[in-house]
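**Q** Just so it is clear: in the sequence shown, position 92 is 93 by this note's numbering, and no numbers are missing.
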Amino acid sequence: MKQPVASPVSTEERDCRKLSPRRRAYEVTMRSLLYLCAGITCALLLFLIGYILYRGLPGLSWEFLTSQESILKKTDGILPAIQNTIYVIIVTLIFILPLGVGSAIYLTEYASNRKLVAAIEFATETLSGIPSILYALVGMLVFCQFLNLGKTLIAGAFTLVIMTLPTIIRTTQESLKTVPASYREGALGLGAGKWHMIRTIVLPSSIDGIVTGCILAIGRIVGESAVLMFTAGMSTAMQDFFGKGGLFKSSGATLTVALYVYAKERAKYDLAFSVAVVLLVITFGINLCAKVMGKRMKGNKGGEKK
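1. Can the beta-carbon of residue 104 be found less than 7 Å from the beta-carbon of residue 168?
2. Apart from the five residues on each side of it in sequence, which residues of its chain come closer than 6 Å, Cβ to Cβ, to residue 217?
3. For the alpha helix (DSSP H) holding residue 78, just list the boundary residues, first then last.
4. Where are the alpha helix (DSSP H) runs, 4 residues long or more, that stay fully inside the segment 123-197, in chain order?
5. Looking at the unbroken beta strand (DSSP E) that takes in residue 70, where does it start and where does it end?
6. Output needed for residue 223: all residues of its chain with C-beta closer than 6 Å, excluding positions within five of it in sequence on either side, in chain order.
7. Classify residue 239 as helix, strand or coil using the three-state DSSP reduction.
8. Using 8 Å as the cut-off, can you tell me whether the segment 177-186 makes contact with the segment 254-269, which would need three or more C-beta pairs spanning the two stretches below that distance?
9. Where does residue 2 land, buried or exposed, given buried means 16+ other C-beta within 10 angstroms?
10. Between 140, 59, 209 and 150, which lies nearest to residue 294 when the distance is taken from Cα to Cα?
11. Could you give the DSSP three-state label for residue 269: helix, strand or coil?
12. Quick one: give me the first and last residue of the alpha helix (DSSP H) that residue 37 is part of.
13. Whole angstroms are fine: how far does the CA of residue 21 sit from the CA of residue 296?
14. Run through DSSP, which three-state label would residue 233 get?
15. Please report the distance separating the alpha-carbon of residue 265 from that of residue 259.
16. Relative to the C-alpha of residue 59, which candidate in 292, 273, 137 and 147 has its C-alpha closest?
17. Rounded to the nearest angstrom, what separates residue 157 and residue 279 at their Cα positions?
18. Identify, in the order they occur along the chain, each residue of the same chain with its Cβ nearer than 7 Å to the Cβ of residue 153, setting aside the five sequence neighbours on each side.
19. Do you know how far the Cα of residue 160 is from the Cα of residue 136?
20. Let's test the definition: count the other Cβ atoms within 10 Å of the Cβ of residue 31 and tell me whether it reaches 16, buried, or not, exposed.
21. When burial is assigned at 16 or more other CB atoms within 10 Å of the CB, is residue 85 buried or exposed?
22. Please report the residue range of the alpha helix (DSSP H) in which residue 200 lies.
23. Under the three-state reduction of DSSP, which class applies to residue 307: helix, strand or coil?
24. Let me check understanding here. Comparing Cα to Cα, which of 121, 178 and 133 lies closest to residue 225?
25. Measure the C-alpha to C-alpha separation of residue 291 and residue 77 and round it to an integer number of angstroms.
26. Would you grab the beta carbon distance between residue 155 and residue 92 for me? Rounded to a whole angstrom, and I think it's under 8 Å.
27. Alpha helix (DSSP H) containing residue 217: first to last residue?
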């Protein structure tokens with residue numbers, strides 16, 4: 002007669018059974034609290050996304066997405082705001098990625114003065130916590146007035162570069178520090194140069210953290226309104242980016258500024274929620290692309306090493 006097979010017991014359950022009743026109750030309580038916190042967080046996130054979609058989807062239409070605002074025609078459109086948002090994101094990333102990743106590589110791999118590195122790290126952490134309105138005032142004084150760029154999208158993008166650069170530097174630094182020292186020693190021991198070792202070993206191993214920093218920066222760029230109201234303007238007209246000086250003289254409202262205008266100045270809350278839906282889609286799409294590119298870069302580097 003076959004004996005019943007005992008169900009497998011996980012390592013956590015086995016360790017929990019070895020504990021005293023008091024320790025076991027404490028372990029179960031803390032684990033339940035962690036699950037509760039995670040469940041509340043997920044529920045709040047789903048509620049926010051669901052409520053935004055519930056309020057915003059009915060107001061979305063092809064005309065709303067592909068036209069501009071017109072008082073004479075009595076139409077509302079956010080195509081200029083979508084173009085301005087994409088322009089600001091691209092210009093900001095073009096500057097912050099090489100500057101931020103390059104600075105983090107230098108501070109982690111090349112800098113020998115530990116006191117100077119510690120001071121720079123403290124400064125970047127401090128700058129990460131400064132309110133955005135202060136960056137807006139600095140950007141207005143430096144880029145708009147001192148450099149005579151005026152209220153343009155390029156001035157807003159430069160201000161966002163200063164604001165998001167500390168985030169990229171710190172996240173990339175922490176990611177580089179997680180790479181084991183044995184990887185570096187093994188590559189150098191095989192005769193690889195320092196830059197070759199960083200490019201082929203360190204960066205592929207830390208690509209997940211770099212992508213995470215990029216996603217955090219994109220989220221802050223897309224969600225920023227105060228900086229862009231002070232430096233980029235609030236125009237809702239279509240901009241000519243390909244005309245003479247268009248890239249440096251165009252000004253206008255991004256999606257977050259348009260959302261603020263619809264919600265606070267015109268009390269058109271349904272349209273504001275529709276703009277919020279577009280922001281969610283753009284942010285999700287960019288984050289998904291960043292994740293896919295990060296996995297491909299990591300996979301390609303892994304294939305090269307094999």
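Beta carbons: idealized from backbone N, C-alpha and C, even for Gly.
**A** Checking against the coordinates, here is how it stands:
1. no
2. 168
3. Not the alpha helix (DSSP H): residue 78 falls in the beta strand (DSSP E), residues 76-79.
4. 133-140, 154-178 and 182-190
5. 69-71
6. 284
7. coil
8. no
9. Low per-residue confidence applies at residue 2: pLDDT is 48, beneath 50, and the placement is therefore not dependable enough to give any value.
10. 209
11. coil
12. 22-57
13. 44 Å
14. coil
15. 10 Å
16. 273
17. 21 Å
18. 233, 249, 250, 251 and 252
19. 7 Å
20. exposed
21. buried
22. That residue, residue 200, is in no alpha helix (DSSP H); it is neither H nor E in DSSP.
23. Only weak support is given to the placement of residue 307: the predicted model assigns it a pLDDT of 46, under 50, and the question is left unresolved by the model.
24. 133
25. 32 Å
26. 7 Å
27. 208-224
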